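S.K.:
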Amino acid sequence: MTATRRETSIMETPIAISAVTQEQLTQYGISNIKDLSYSLPGLSIQNSTDTSAPIITLRGVRSNNVTEVGDPAVGIHVDGLYVARPQGAAALMFDLERAELSRGPQGTLYGRNSIVGSLNIITAKPNLEKQGGSITVNAGRFNEQGIQGHYNLPLTDDIAIRFAFSDQSKDSYLNGYYDGSQPDWRFLPQSIQDQFTPITDQSQKLQGLIMHGI
């Protein structure tokens with residue numbers, strides 16, 4: 001767990017907390033932020049009228065304003081960094097190590113916008129000992145199409161690089177809401193990380209995101 005800004009076991013963390021591991025994410029088929037509500041008690045995530053904007057409810061408290069001027073009741077963090085709008089967290093739900101849900105006010109550690117709790121999404125880190133990767137494709141109704149994958153490459157005993165990408169697109173309930181030849185929403189995030197451990201653990205991450213949606 002890193003809910004207290006340092007690594008501890010879940011039994012030693014003095015917070016009401018639940019976590020979903022990488023194995024559970026794969027086993028339960030969790031591929032988007034909405035699916036987390038099926039594995040984390042007390043958490044409910046539903047789409048707003050804007051299909052790309054999830055509304056997060058924890059312990060019965062939520063904020064319906066998902067615009068840049070709204071203050072969410074549940075803070076969302078990716079690798080400890082605050083994500084101001086839930087749409088951003090929805091697009092970054094790929095190549096994950098785990099997800100942690102801390103219940104109760106978290107203002108001391110995470111600042112404002114976490115009066116009910118905090119959802120911390122941890123991305124997978126480069127592995128110094130294993131080379132390999134995976135690719136997953138998916139399809140669904142409303143012309144939903146997606147592909148995501150990663151590749152981990154150790155360069156030396158102390159340096160490793162991990163590439164990850166995702167491309168998800170889907171049409172809305174209306175035909176040609178914007179442009180009939182284009183999907184009505186699309187997420188295209190990519191990331192690259194390197195792990196450098198000659199003396200102490202050090203990692204760097206570069207991530208980009210293209211998002212279009214109604």
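Under UniProt numbering, the letters of the sequence shown match residues 1 to 214, in that order. The beta-carbon is built from N, C-alpha and C at its ideal position, and this holds for glycine as well. These numbers come from a predicted model, not from an experiment.
(1) Quick check: the Cα distance between S44 and T156, rounded to an integer number of angstroms?
(2) For A89, does the three-state DSSP call read helix, strand or coil?
(3) Quick one: what's got a C-beta closer than 6 angstroms to I159's C-beta in the same chain, skipping five residues either side?
(4) Express the C-alpha separation of R186 and S169 in angstroms, rounding to a whole number.
(5) Within 10 angstroms of the Cβ of residue 215, are there 16 or more other Cβ atoms? Answer buried if so, exposed if not.
(6) Just tell me which of Q27, I56, D71 has its CA closest to the CA of R112.
(7) On the three-state DSSP scale, how would you describe Q131?
(8) Among I192, V116, F142, whose alpha-carbon lies nearest the alpha-carbon of H150?
M.R.: Quick look at the numbers:
(1) Counting from 1 along the sequence shown, the entry for residue 44 is found at position 44. Counting from 1 along the sequence shown, the entry for residue 156 is found at position 156. Cα-Cα distance, rounded: 43 angstroms.
(2) Within the sequence shown, numbered from 1, the residue matching residue 89 stands at position 89. Three-state result, A89: helix.
(3) The residue you call residue 159 lines up with position 159 of the sequence shown. F196, listed in sequence order.
(4) Against the sequence shown, residue 169 aligns to sequence position 169. Against the sequence shown, residue 186 aligns to sequence position 186. C-alpha separation (whole angstroms): 4 angstroms.
(5) Shown here, the chain extends from 1 to 214; a query on residue 215 therefore has no answer.
(6) Mapped onto the sequence shown, residue 112 falls at position 112. Ranking Q27, I56, D71 by Cα distance to R112 puts D71 first.
(7) Along the sequence shown, one-based indexing puts residue 131 at 131. In this structure, Q131 counts as coil in the three-state DSSP scheme.
(8) Within the sequence shown, numbered from 1, the residue matching residue 150 stands at position 150. Out of I192, V116, F142, I192 has the C-alpha closest to the C-alpha of H150.
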